[in-house]
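Comments concern the structure below.
2 protein chains.
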Amino acid sequence: MFYASLLFDVCTILYGVLRALELRPGIGQIVIERPTLEEASRAVKNGISRHKTVILAGNCRVDYEGRASSKLEPGERIALIKPDGSVLIHRPRDYPPVNWQPPGSLFRTSLSEDGLHVRAFRKKEREVLDVTFNEISLLAVLDLKDAGDFYLYASEKDMQEAILVEPSLLEAGFKPITSERPVDPGFIDIIGVDRDNVLTIVEIKRKPATKDAVLQLQKYMDAYASDSSRKVRGILVAPELARGAQKMLATLGLEFKPLSPQRCAEVLKRKREKSLTDFFK
Amino acid sequence: MFYASLLFDVCTILYGVLRALELRPGIGQIVIERPTLEEASRAVKNGISRHKTVILAGNCRVDYEGRASSKLEPGERIALIKPDGSVLIHRPRDYPPVNWQPPGSLFRTSLSEDGLHVRAFRKKEREVLDVTFNEISLLAVLDLKDAGDFYLYASEKDMQEAILVEPSLLEAGFKPITSERPVDPGFIDIIGVDRDNVLTIVEIKRKPATKDAVLQLQKYMDAYASDSSRKVRGILVAPELARGAQKMLATLGLEFKPLSPQRCAEVLKRKREKSLTDFFK
DNA sequence: TAATAAATGTCGTTT
DNA sequence: AAACGACGTTTATTA
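Protein chains in written order, with my numbering: chain H, 1434 to 1714; chain W, 1434 to 1714.
Next up, the structure:
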């Protein structure tokens, strides 16, 4: 056990020495556990100037001055500095960063008797973020290559909007009248009339519609059937019908229109592009 | 050079072996560069179950399914997993995470031929975040201790609100009438009457008030003096008066009330606590 | 550049 | 549990 520990320390020291001499080939990243503040200072400066992604973990205090002021007393946190000039200070809890600076920030790194200062400031906005580390447990300078495409498919709300701007997504001749109409149990997604002027109630689900969804639509139907003897159609819109929903739908005399959130997203995108094209011609 | 590289590799391997055997004493954190997926899997599982903070950097794809759906194609990112069950996926650019999961998420980590899967899900919200790493450049399991207090001092808006809910912050007997009133050049922060029913215009600054602030208040005064012969008081509220402002203030017959954003923040906090107390009694 | 609307907004407080 | 408002909101879109 003792020898293992000793061996480990020897390895760690050699590792550190070689790292400091930059003798490790072809890595493109720097990772140092418990670096000295001097080591960290050099690496951070170098990393920021070369537009790398820098991670610092350790004991720090944080001061912010801008639209408001804030002071965060010492504790162990993670600082994430990105090549685009954004900074995030994360405590070991909570989703939002406790302090931050948006992209475009400028940096000044310095050493003092207090510790390692990293200052991120935006001149125009007159905002300054100051992080002072007095102990660093982890330093990482990473060279992240990320060109992956990001696709966000529509939420239920977006599906609703897609049908409103392109009613033929539901069926030819459909005309929306209102949306988000409050009724007894909740909100009807869309109310409109079909090509034959028949009142049509639309319930939208972005996932395979279950029996619950069918019942929900039926409730809305009941609310309308009660105060009117007019014929009313009910259409359930969803990417697909879950098992069991088909039979219930048929029993209640309701209809189903398959529509995927992806499709809606595409239609909305095309509409936006079209309106942009129209604007320029 | 060759020997240095070789030596480095030997150190790295020994380091890894000793790490795997958990023979390193008294560190409380695990940091591995370019771990195997198996190593990473074990460490991540262990780290999450023991409520540590986990950082993973490397090539991954991300899928989200919940209120919306999203797909992020492969690229190098940083995953931050916190002890409170929050997850953040950060690309090497942008302030907001490209994907995330709020606190309270549950985790399932697994290995497949695709790579290392980390799934963060919230059952109640029916939201699932899936991150799949096929290559990991850095793994860190940190034991962050953070009990530091965070103080956010009020913004100007908050100072306004503090005076509105606790008018005696300005002076005894003050009664606010309107806030954010639009006038010719902009908005008057607060209009009210003092204990003698004299119309009072209040301009708030969260920083030492400069001559500009005095002039701004004077403009508002003029706007009111023009259509009324009533006596009107003008009070500048700020933590202090900047050099030069004192004389101008006296010349124009305006007044100054020192008030710090900190003080306002305290008052607001106490008010909130009080309303909470009232609720329970 | 300023104003407006959307967000997987999140995060509180209040009803 | 749902509703309402605030946020150092941030972000993108549009005039």
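Using N, Cα and C, we set each Cβ at its ideal position, and we do this for glycine too. Quick caveat, the model's predicted, so the values are computed rather than measured.
Apart from the 5 residues on each side of it in sequence, G1667 (chain H) sits with its Cβ closer than 6 Å to the Cβ of I1634, L1650, M1654 and L1687 in its chain, given in chain order.
Contact check between the region 1479-1490 of chain W and the region 1590-1605 of chain W: fewer than three CB pairs, one atom from each, fall below 8 Å, which does not count as touching.
For chain W, none of the residues of the region 1537-1548 of chain H brings a beta carbon within less than 9 Å of one of its beta carbons. One thing to note: V1561 (chain H) has its Cβ no nearer than 8 Å to the Cβ of V1464 (chain W). Annotated as distal: P1641 (chain W) and L1602 (chain W), with beta-carbon spacing of 8 Å or more.
L1470 (chain H) has no beta-bridge partner at all, per DSSP. Here L1521 (chain H) really is in contact with L1513 (chain H); their C-beta atoms are around 4 Å apart, less than 8 Å.
Cβ contact annotation for R1524 (chain W) (same chain, cutoff 6 Å, sequence separation greater than five): R1510 and V1531, in chain order. K1690 (chain W) sits close to E1604 (chain W), with the two beta carbons spaced by under 8 Å. Taking a beta-carbon distance threshold of 8 Å, Q1462 (chain W) counts as an interface residue toward chain H. Taking C-beta separations shorter than 8 Å and ignoring five residues to either side along the sequence, the partners of V1477 (chain H) in its chain run V1487, L1489, I1514, T1542, L1549, V1551, L1572 and V1574, following chain order.
Only those residues of the region 1581-1600 of chain H whose C-beta falls short of 7 Å from the nearest C-beta of chain W are listed: G1581, D1582, F1583, Y1584, L1585, Y1586, A1587 and S1588. By the C-beta density criterion, K1664 (chain W) is exposed, having fewer than 16 other C-beta atoms within 10 angstroms.
The criterion of a C-beta distance shorter than 8 Å is satisfied by L1669 (chain H) and A1646 (chain H). If you check the CB distance, P1536 (chain W) and R1526 (chain H) come in under 8 Å. Using a Cβ distance threshold of 8 Å, L1701 (chain W) and I1569 (chain W) do not count as a contacting pair.
Uninterrupted beta strand (DSSP E) stretches at least 3 residues long and entirely within the region 1650-1701 of chain W occur at 1665-1671 and 1688-1691, given in chain order. A distance below 8 Å separates the beta carbons of G1499 (chain H) and R1559 (chain H). Taking C-alpha positions only, P1468 (chain W) is separated from F1566 (chain W) by approximately 12 Å. DSSP places Q1593 (chain H) inside the alpha helix (DSSP H), whose first and last residues are E1589 to V1598. A Cβ-Cβ distance of about 7 Å is found for the pair L1692 (chain W) and P1672 (chain W), placing them in contact under the 8 Å criterion.
Within the same chain, and ignoring the five residues on either side of G1480 (chain H) in sequence, the residues whose Cβ sits closer than 7 Å to its Cβ are V1487 and V1574. Counting only the Cα atoms, S1612 (chain H) lies some 28 Å from R1676 (chain H).
Here N1532 (chain H) carries a strand assignment [DSSP, helix/strand/coil].
Taking 8 Å as the cut-off, the Cβ atoms of V1626 (chain H) and K1638 (chain H) do not count as close. In the structure shown, L1648 (chain W) falls within a helical segment according to DSSP collapsed to helix, strand and coil. Residues of the region 1509-1528 of chain H that bring their beta carbon within less than 8 Å of a beta carbon in chain W comprise E1509, R1510, I1511, L1513, K1515, P1516, D1517, S1519, L1521, H1523, R1524, P1525, R1526, D1527 and Y1528, in sequence order. Chain W places a beta carbon closer than 8 Å to that of L1575 (chain H), counting this residue as a contact. The C-beta of V1564 (chain W) has 16 or more other C-beta atoms within 10 Å across all chains shown, which makes the residue buried. Any Cβ of chain W closer than 8 Å to the Cβ of L1701 (chain H) would place that residue at the interface, and such an atom is absent.
Here Y1497 (chain H) is buried, its C-beta having at least 16 other C-beta atoms within 10 Å.
Of the other Cβ atoms in all chains shown, fewer than 16 fall within 10 Å of the Cβ of K1556 (chain W); this residue is therefore exposed. M1681 (chain H) places its beta carbon less than 8 Å from that of K1644 (chain H).
A1678 (chain H) counts as buried, since no fewer than 16 other beta carbons sit within 10 angstroms of its beta carbon. The Cβ-Cβ distance between G1461 (chain H) and D1547 (chain H) does not fall below 8 Å. The beta carbon of I1624 (chain W) does not come within 8 Å of any beta carbon belonging to chain H, so the residue lies off that interface.
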